[in-house]
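Chains as they are written, first to last, in our numbering: chain A, 1 to 303; chain B, 1001 to 1809. C-beta: ideal position from N, C-alpha, C; glycine also. Comments concern the structure below.
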């Protein structure tokens, strides 16, 4: 099978056309991250860098094992470590692999004003098409999980693709393949949900009474799910949202406000046209060139 | 490892103590997760720090670095007092009932026979009472007060839960919870596996740490069974191979020992190595020592090793005084007694204790040869890298030769993994630049040296001139040819008593049982015999078929010895030959022979009725709760404090630290006191890096970019140290300036009524590579080793800590 194509789209950003969904017989996929068997080795993180050919900068020690400290345009997945003392006073070291959740109802896609820059395939993967991205950052605001990051060099937004290129040819995502303890699994959403049920039962037998599956309804469920020892309080896992929702502004932007906003855009375009006619086009100044060179100089590793 | 990685999944309880398997062995750790999920196993972690292994453990207990023997002796006391041992196993398979000589004793921290002037023991009293036939006397009823189990009971009596907690700082309830979990594996069909590594070896009592746990395992009947064993997780991909082929200062391949300088003749050497059985009917396999030794000499010297020159015994170096371990080597360098050093695949400036002493030693050399794929710190020791390596090149005359070598993926050969599997691998790429394989380089050095000896004679040319070097390409021998050398072959036609030829001249041997002490066979490493036979390269096998799915995969690669996957597997069956655990049998007696899913670690035809013990390498045939004269510091493990410790030895204040450990005077002078250096430090590695190699790789450098130490919240607050703030850690030997990770994962422990703070020092940073420059952790560590192995005491020493500012970039 070739790579995922427009025929596989079920959603497309900023488009009034309904995608053809010719291939909507595809099974929905999911990645299941079992936090209870994760040892925080970062094999997933290095596999992600390898497969996607990403190399961030050698940073600094910042007071935790989170390296880099946050997601960035070259860090699409990140182990986040939390030292948490439970109700018995015993320490638990909660280690969560952070990255795109591939929401069933993706806030990024809803927020995106660039036609086709964000798409959702029939298998559930939410993917960014850099060619169409305008770098506006609306996806960042639209994401309830704070995942996308704008690259300051090429002004495009980046995040985990769930290795859509690998999945399209029948492979599991790179992080799944690299995980030594089987803490990251991949398959159909129904299989992963069923397996999560077994894991939750096992954790309950070990005394984790509140163990459960994280597949939040507020975004229609996700195609990346967690097995959590303490599913009653997701936020202890480095701020995993307890009940993620798409911002009401985004919902509004897609709903009643959309015609108003479009009118605003039209006005701005007209104003811009008039300004251009009267004041002439912007010239590139010397300092702009210098700034650009600096950015590019720092951006050798940019994808 | 006695067992395999995959076998861990068969365990009911997994103990990680003296190691940090999830961080240091993340790939193998998958089998612990299997054990948890498929076998409902409980995972126990005992460690000074709450590690990434602890993050997935069922029970975690803190322990003060260097007090593991107190903990484990406490476990032994608990098991004996509550009578939670596997009785039939202990009675039949250990030396519990053997009677110890009058004269053996233990008082005030010392065993009988101590000689203070030499810091060593006269061990003659550490043995059994013998009968008229030379067999050890036994009391299977365990009534005799001098039988081993009663002496052990007496020895560990002091290690009450209160005492354990007082020494180790482990809360009593956690200790007792763990004891109870251990005891759940005393029933014959239950097993505990012990996973350990440098957290046990890198102490002045390292070997006894491991012995203590091995004794626990014998008492629980967990040696030789599926899901049991003592499993040393090795730290390099081929460090097991290194020890197997004898690259230690007093050893030869296959765990044969280099002669001592007191053993002037071959006959004297062999006199103490005949290993006559100490109980009737025992196998005592080391009786074959001569066959292994002569075959090794034939591999080294070929036709020049003859019966009439005692197989060239005189050409072997003789060990004077313990061996030339690394601590001694650098002591000699500092004293001007060693002035050349060939450093092959080793980075002493990063890896050895008391780094400033290492730098001083290297500075005194005439020449240093570094063979390495990487630009190591050692090869640049003479260069000024700022405070991280403050050398003055103008004052250093050492001539340094850097010989770049290929790395593992750029060469063909075998690697021995922790489970003793020799796995053949194939070259994937050519080495870059001028890099050459180690074989090519060593061949070149050898040929040039031999030529010099030929031309110039020299004091003792025989061992070099007579070395056999029979390879198709003498300047670059093929790894397969070398592997065949290790395996061994018949040198002449070998006939059975009827005169029929059983082995043709030149034929590769099937295994070490074919080796002979008459010069008709050769084998460069007897335990590898069987790895490359006439059937081909057994190490290259890749059939993952796994009978009973018990994690043995007998046709995947080849495991020494004899492709045996579980050592001592005779002990997986009861004395009558039936599996203790019918769900997971390994071998059983089928009425005519021992058979099952593994190669029997036993003579396959000896019936259970002969009562031969399963520990065939021991002359008494049984597992040793009492070690006889095999250990430097005593036949039972005893708690001795690390050489730098904040606490007195509350058991025997006059004998604080290991009385049999060798300590050089200048190293002793460099020990700090707790008055000046009040905190306990321990060094370790992190998942993101492999020792000092991966800081040369960009991805690893991104994942863990910069040096830090770990400090608990309480001490950090006391010292005004903030999260990520700069600190200076100092020992009497040197300093490390880096950032602090203030963590909940290290908590002060109450030791003998006082709080003890632990500071964690990861080891990975240096001054070459892609990661940020750092101070070597071994600036801090003391130069003293285990009394048996001289493995340095990296895991427990004293430091001070204070707030600091960043060093100049």
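8 Å Cβ cutoff, residue i in contact with chain A
i	result
residue 1717 of chain B	no
residue 1781 of chain B	no
residue 1770 of chain B	yes
residue 1544 of chain B	no
residue 1703 of chain B	yes
residue 1266 of chain B	no
residue 1026 of chain B	yes
residue 1022 of chain B	yes
residue 1616 of chain B	no
residue 1030 of chain B	yes
residue 1776 of chain B	no
residue 1006 of chain B	no
Rounded separation between residue i and residue j - CA only
i	j	result
residue 389 of chain A	residue 1782 of chain B	In the structure as shown, chain A begins at 1 and stops at 303. Residue 389 of chain A is therefore absent and cannot be evaluated.
residue 1613 of chain B	residue 1019 of chain B	31 Å
residue 1818 of chain B	residue 1031 of chain B	Chain B is shown only over 1001 to 1809; residue 1818 of chain B falls outside these bounds and no answer can be derived.
residue 1353 of chain B	residue 1327 of chain B	8 Å
residue 154 of chain A	residue 111 of chain A	20 Å
residue 61 of chain A	residue 1723 of chain B	10 Å
residue 1633 of chain B	residue 232 of chain A	54 Å
residue 1719 of chain B	residue 204 of chain A	41 Å
residue 1392 of chain B	residue 67 of chain A	35 Å
residue 1717 of chain B	residue 1029 of chain B	35 Å
residue 1127 of chain B	residue 1136 of chain B	9 Å
residue 1061 of chain B	residue 1665 of chain B	37 Å
residue 159 of chain A	residue 73 of chain A	7 Å
residue 211 of chain A	residue 1196 of chain B	31 Å
residue 1464 of chain B	residue 1762 of chain B	43 Å
residue 5 of chain A	residue 225 of chain A	25 Å
Test: residue i CB closer than 8 Å to a CB of chain B
i	result
residue 305 of chain A	Look at the range of chain A in this structure, 1 to 303, and you will see that residue 305 of chain A is not part of it.
residue 212 of chain A	no
residue 235 of chain A	no
residue 76 of chain A	no
residue 59 of chain A	yes
residue 91 of chain A	yes
residue 206 of chain A	yes
residue 62 of chain A	yes
residue 67 of chain A	yes
Sequence-distant residues of its chain with Cβ nearer than 6 Å to residue i (five each side left out)
i	result
residue 317 of chain A	Not covered by the structure: residue 317 of chain A. The range shown for chain A is 1 to 303.
residue 1503 of chain B	1490, 1494
residue 1132 of chain B	none
residue 1365 of chain B	1339, 1341, 1398
Cβ shell of residue i (< 7 Å), same chain only, five flanking positions each side left out
i	result
residue 222 of chain A	101, 102, 103, 104, 215, 216
residue 1646 of chain B	1674, 1678, 1680, 1756, 1798
residue 1290 of chain B	1270, 1517
Self-check item: Contacting positions in the stretch 1045 to 1069 of chain B - beta carbon closer than 9 Å to chain A
Solution: Against chain A - using a Cβ distance shorter than 9 Å - the residues of the stretch 1045 to 1069 of chain B are 1050, 1051, 1052, 1053, 1054, 1055, 1056, 1058, 1060.
Practice problem: Decide yes or no for the touch test of the stretch 1203 to 1219 of chain B against the stretch 1545 to 1561 of chain B: beta carbon pairs closer than 8 Å, at least 3 of them. | Solution: Here the stretch 1203 to 1219 of chain B makes no contact with the stretch 1545 to 1561 of chain B; the two share fewer than three CB pairs at distances below 8 Å.
Quiz item: What are the residues of the stretch 160 to 188 of chain A that lie near chain B, defined by any Cβ-Cβ distance shorter than 7 Å?
Solution: Within the stretch 160 to 188 of chain A, the residues whose Cβ lies closer than 7 Å to some Cβ of chain B are 180, 181, 182, listed in chain order.
Quiz item: Just by C-beta distance, which residues in the stretch 1514 to 1534 of chain B are closer than 7 Å to chain A?
Solution: Under the 7 Å Cβ criterion, the stretch 1514 to 1534 of chain B contributes no residue.
Practice problem: Spell out a yes or no on whether the stretch 80 to 99 of chain A and the stretch 33 to 40 of chain A are touching, meaning 3 or more CB-CB pairs, one atom from each, closer than 8 Å. | Solution: The stretch 80 to 99 of chain A vs the stretch 33 to 40 of chain A: in contact.
Quiz item: Using a Cβ cut-off of 9 Å, which residues of the stretch 22 to 56 of chain A contact any Cβ in chain B, in chain order?
Solution: The residues in question are 36, 37, 38, 39, 40, 41, 42, 43, 45, 46, 49, 50, 55, 56.
Exercise. Indicate whether the contact test is met: 3 or more Cβ pairs, each with one atom in the stretch 1555 to 1566 of chain B and one in the stretch 1411 to 1429 of chain B, closer than 8 Å.
Key: Yes, the stretch 1555 to 1566 of chain B is in contact with the stretch 1411 to 1429 of chain B.
Practice problem: Please confirm if the stretch 39 to 49 of chain A is in contact with the stretch 143 to 153 of chain A, defined as three or more CB-CB distances below 8 Å between the two stretches. | Solution: Contact fails: fewer than three Cβ-Cβ distances are below 8 Å.
Quiz prompt | Near-chain A residues of the stretch 1726 to 1749 of chain B (beta-carbon distance less than 9 Å), N- to C-terminal order | solution = Going along the stretch 1726 to 1749 of chain B in chain order, one finds 1738, 1739, 1740, 1741, 1742, 1743, 1744, 1745, 1747 with a Cβ nearer than 9 Å to chain A.
Quiz prompt | Under 9 Å (Cβ pairs) to chain A, residues found in the stretch 1680 to 1698 of chain B | solution = Against chain A - using a Cβ distance shorter than 9 Å - the residues of the stretch 1680 to 1698 of chain B are 1686, 1687, 1688, 1698.
Quiz prompt | Residues of the stretch 1173 to 1187 of chain B whose Cβ lies closer than 7 Å to any Cβ of chain A, in chain order | solution = Residues of the stretch 1173 to 1187 of chain B with a C-beta atom less than 7 Å from some C-beta of chain A do not occur.
Self-check item: Any 3 or more C-beta pairs closer than 8 Å across the stretch 1032 to 1039 of chain B and the stretch 1688 to 1698 of chain B
Solution: With the cut-off at 8 Å, the stretch 1032 to 1039 of chain B and the stretch 1688 to 1698 of chain B do not touch.
Quiz item: Got a sec: which bits of the stretch 262 to 290 of chain A sit with their beta carbon under 8 Å from any beta carbon on chain B, in order along the chain?
Solution: Within the stretch 262 to 290 of chain A, no residue places its CB atom closer than 8 Å to a CB of chain B.
Quiz item: Residues in the stretch 93 to 107 of chain A with C-beta within 9 Å of chain B's C-beta atoms, listed in sequence order?
Solution: Close to chain B, meaning a Cβ-Cβ distance shorter than 9 Å, are the following residues of the stretch 93 to 107 of chain A: 93, 94, 95.
Exercise. Determine contact between the stretch 1217 to 1237 of chain B and the stretch 1084 to 1094 of chain B, defined as no fewer than three beta-carbon pairs at a distance below 8 Å.
Key: Yes, the stretch 1217 to 1237 of chain B is in contact with the stretch 1084 to 1094 of chain B.
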